[in-house]
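**Student:** First the structure, which I've put down as structure tokens, then a few questions once you've had a look.
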Amino acid sequence: MTLRIQKGNTANKISNIVHMLSEVDFNTCIQCKKCASGCPVSASEISDSISLPFEIIRRLQLGASTELLGTDIIWICTSCETCYARCPMGIDIASIMDALRILAVENNVHDKKGYVSFFNKAFLKTVKIFGRTYDVAFLTAYKISSISIKKDKDGKFSFLQDMDKLLDIYKKRKIALLPSFNADRGLVKQIFQIAGQRKKRYFDKMMP
Amino acid sequence: MKYAYYPGCASESTARDQHESSLAIAKSLGLDFIEPDGWICCGTTPAHHTDKLLSLSLPAANLIKTQKMGFDMVVNCAACYNRMKIANYEIQNNSKIRQSVNTAIGENYDGSVNVKHIIEVLLKDLGLENLQKSLTHSLNGLKIASYYGCLLVRPKEATHFDDPENPTSMDRIVESLGGESIDFPHKVECCGGALTLTRPDIIIKLTDSILNMAQKAGAECIVVACPICQMNLDLRQKDIEKQTGKRYNMPVIYITQLTGLCLGIRPRQLGLNKLIVSPSAVLNKISLKNVKDF
């Protein structure tokens, strides 16, 4: 993927924030490319809109700015951690991907095809309310939010995608119609609140 | 032996079968599984995609509940297992994180609760010799591909589960149940995991490659220990057939279900009726004719 790296004082450098969020030192990368060789999605999904993991690391070393958040690899990364397991320098690339996703959402950059950030938001919202996952609620919330993107790459409405699968698992009684009432919901609310406040303080300071 | 049993949210929906079979084999083997009161979601992938503190505090809140019970924690979902292990690892090795997590959960947790996957309980705490003494049925040489996926074995610094490139824990259980554990090169390849609803196109490619390898290696079924792997490999076979014309008809069974069958537990009690691809080939091999018992 060709990305232009912005230079000068006006560039909104993200390398430092990525380093602070992930607590990973990416300066030791030797560009051996083992990360991309073992990556389950790099090989099959390679295209102009994808930066391979070692490219991401190099760009961070060169002082990348927010343009790096536009690469789709951060949304198709499955967090399988094969890259980290095989990195001869022990760079936790999966944590760097986490940091990039967090930064992307903060900058209102979402994935072009997969709606992963909407899925995450819907999932966590139900956890925050019910204390445990509630499939019916988060699937509905996710499907509704994905209407805003309207169509997938084949031009189909993504709203209807996988409805047949839901029916399959419903027939097998593998989906709960009611949420769980046994979770310590107060504790979950407290965790979300404290973590949320801390994150907000951090980003207010870093990206005013 | 008593354990704090963390079932994970999937146990109440898509992985009811894994949950039921875990409880059934625990009962049969004399293991006492007690759920921590008010356990909460571990946050799984969406949490670590969103905020590090959130992703560590949610599991830590369950771990402190477990610590108060005074038992080791046993988990059967590989994703929950992974998040518990990572929370322990970060809390033990990073004092700043420990402080923030403890503020968020309002307790003082030091990362010391032992977290075990049910495979580790069978293998290390119970021991294969003891397991074999309780068996009433044999897998009669059923050819099985043990599929571990990502979350049990990686990152090895945190999970310490097994060799991250060539784990053999499940293979050893399979062998002791009388099955033939086949050489399976894709045992730690990723199935696409959490992209299951967001990028089915990727899931289809990855699961096709895993199923294809299992079939080529001569497997009659795939054994798994993760609800996400199970769902992707089982549920997507129909899509793969639609797209590529390849029909695998490969049963994808939890290790707890397979163990339960050899302990003489009825298939329905193990949730085998909940699998999408019918496990009848497996049941026939174990000379359990009560497939209709579903």
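First to last, the sequence lines map onto chains L and S.
Mind the numbering: the first sequence is residues 120 to 327 in the working numbering, read in order.
Mind the numbering: the second sequence is residues 10 to 303 in the working numbering, read in order.
Even for Gly, the Cβ is constructed at its ideal location relative to N, Cα and C.
Just so it is clear, the structure is predicted and the values come from calculations on it, not from any experiment.
Using only CA atoms, which one of S:Arg181, S:Gly227, S:Met240 and S:Ile191 lies nearest to Ala203 of chain S?
**Tutor:** Closest option to Ala203 of chain S, Cα to Cα, is S:Met240.
**Student:** When DSSP builds the beta bridges, which residues end up paired with Val84 of chain S?
**Tutor:** S:Tyr15 and S:His126
**Student:** Which term fits Leu72 of chain S, buried or exposed, when burial requires 16 or more other beta carbons within 10 angstroms of its beta carbon?
**Tutor:** buried
**Student:** If contact means a Cβ-Cβ distance below 7 Å, which residues of the stretch 271 to 286 of chain S contact chain L?
**Tutor:** Result list: Lys283 and Ile285.
**Student:** Do three or more CB pairs link the stretch 153 to 163 of chain L to the stretch 196 to 203 of chain L at distances below 8 Å?
**Tutor:** yes
**Student:** Any Cβ of chain L within less than 8 Å of the Cβ of Lys255 of chain S?
**Tutor:** no
**Student:** So which residues of chain S does Pro159 of chain L contact, with C-beta pairs closer than 8 Å?
**Tutor:** Glu198, Cys199, Gly201 and Leu215
**Student:** Got a sec: is the Cβ-Cβ distance from Cys199 of chain L to anything in chain S below 8 Å?
**Tutor:** yes
**Student:** Using the DSSP secondary-structure output, state which residues sit across from Ile153 of chain S in a beta bridge.
**Tutor:** S:Ser190 and S:Cys230
**Student:** For the stretch 14 to 29 of chain S, which residues have a CB atom closer than 7 Å to at least one CB atom of chain L, in sequence order?
**Tutor:** Of all residues in the stretch 14 to 29 of chain S, Cys18, Glu21, Ser22, Thr23 and Arg25 have a Cβ within less than 7 Å of some Cβ in chain L.
**Student:** Should Ile49 of chain S be flagged as near chain L, meaning a C-beta pair shorter than 8 Å?
**Tutor:** yes
**Student:** Sort out for me which residues DSSP pairs Phe42 of chain S with in a bridge.
**Tutor:** Residue pairing for Phe42 of chain S: DSSP places it in a beta bridge opposite S:Tyr12.
**Student:** Pick from L:Lys318, L:Leu285, L:Lys319 and L:Lys308: whose alpha carbon is nearest that of Ile114 of chain S?
**Tutor:** L:Lys308
**Student:** Determine the DSSP secondary structure at Val261 of chain S, reduced to helix, strand or coil.
**Tutor:** strand
**Student:** Taking Val246 of chain L as the reference, give the member of S:Arg107, S:Thr54 and S:Gln252 with the closest Cα.
**Tutor:** S:Thr54
**Student:** Taking Ser64 of chain S and Gly52 of chain S to be in contact with their CB atoms under 8 Å, please state how far apart those CB atoms are, rounded to whole angstroms.
**Tutor:** 5 Å
**Student:** So with CB distances below 7 Å, who are the chain L contacts of Ala70 of chain S?
**Tutor:** Leu306 and Ile310
**Student:** Could you tell me which of S:Leu160, S:Cys271, S:Cys86 and S:Glu44 sits nearest to Gln301 of chain L, measuring between CA atoms?
**Tutor:** Sequence inspection shows Asn at residue 301 of chain L; the Gln mentioned does not correspond to that position. Checking every option, the nearest Cα to that of Asn301 of chain L belongs to S:Glu44.
**Student:** Does Ile182 of chain S come out as helix, strand or coil in the three-state DSSP assignment?
**Tutor:** helix
**Student:** Measure the Cβ-Cβ separation of Phe257 of chain L and Thr207 of chain S and say whether it is below 8 Å.
**Tutor:** no
**Student:** Can you check which of these residues, L:Arg205, L:Lys231, L:Glu225 and L:Ala260, is closest to Lys244 of chain L by C-alpha distance?
**Tutor:** L:Ala260
**Student:** With DSSP run on the structure shown, which of helix, strand or coil describes Lys132 of chain L?
**Tutor:** strand
**Student:** I want to verify the contact list: residues of chain L whose CB lies under 7 Å from the CB of Gly115 of chain S, in sequence order.
**Tutor:** Gln309
**Student:** In the DSSP assignment, the alpha helix (DSSP H) including Val307 of chain L goes from what residue to what residue?
**Tutor:** Arg304 to Met325
**Student:** Checking contacts by CB at 8 Å: is Lys251 of chain S closer than that to chain L?
**Tutor:** no
**Student:** Name the one or two DSSP bridge partners that Ser184 of chain L has.
**Tutor:** L:Lys132, per the DSSP bridge assignment.
**Student:** Got a sec, what are the start and stop residues for the alpha helix (DSSP H) Tyr203 of chain L sits in?
**Tutor:** Its alpha helix (DSSP H) spans residues Thr201 to Arg205.
**Student:** Compute the distance between the beta-carbons of Leu40 of chain S and Val183 of chain S, then report whether it is under 8 Å.
**Tutor:** no
**Student:** Closer than 9 Å, Cβ to any Cβ of chain S: which residues of the stretch 229 to 241 of chain L, in chain order?
**Tutor:** Asp230, Lys232, Gly233, Tyr234, Val235, Ser236, Phe237, Phe238, Asn239, Lys240 and Ala241
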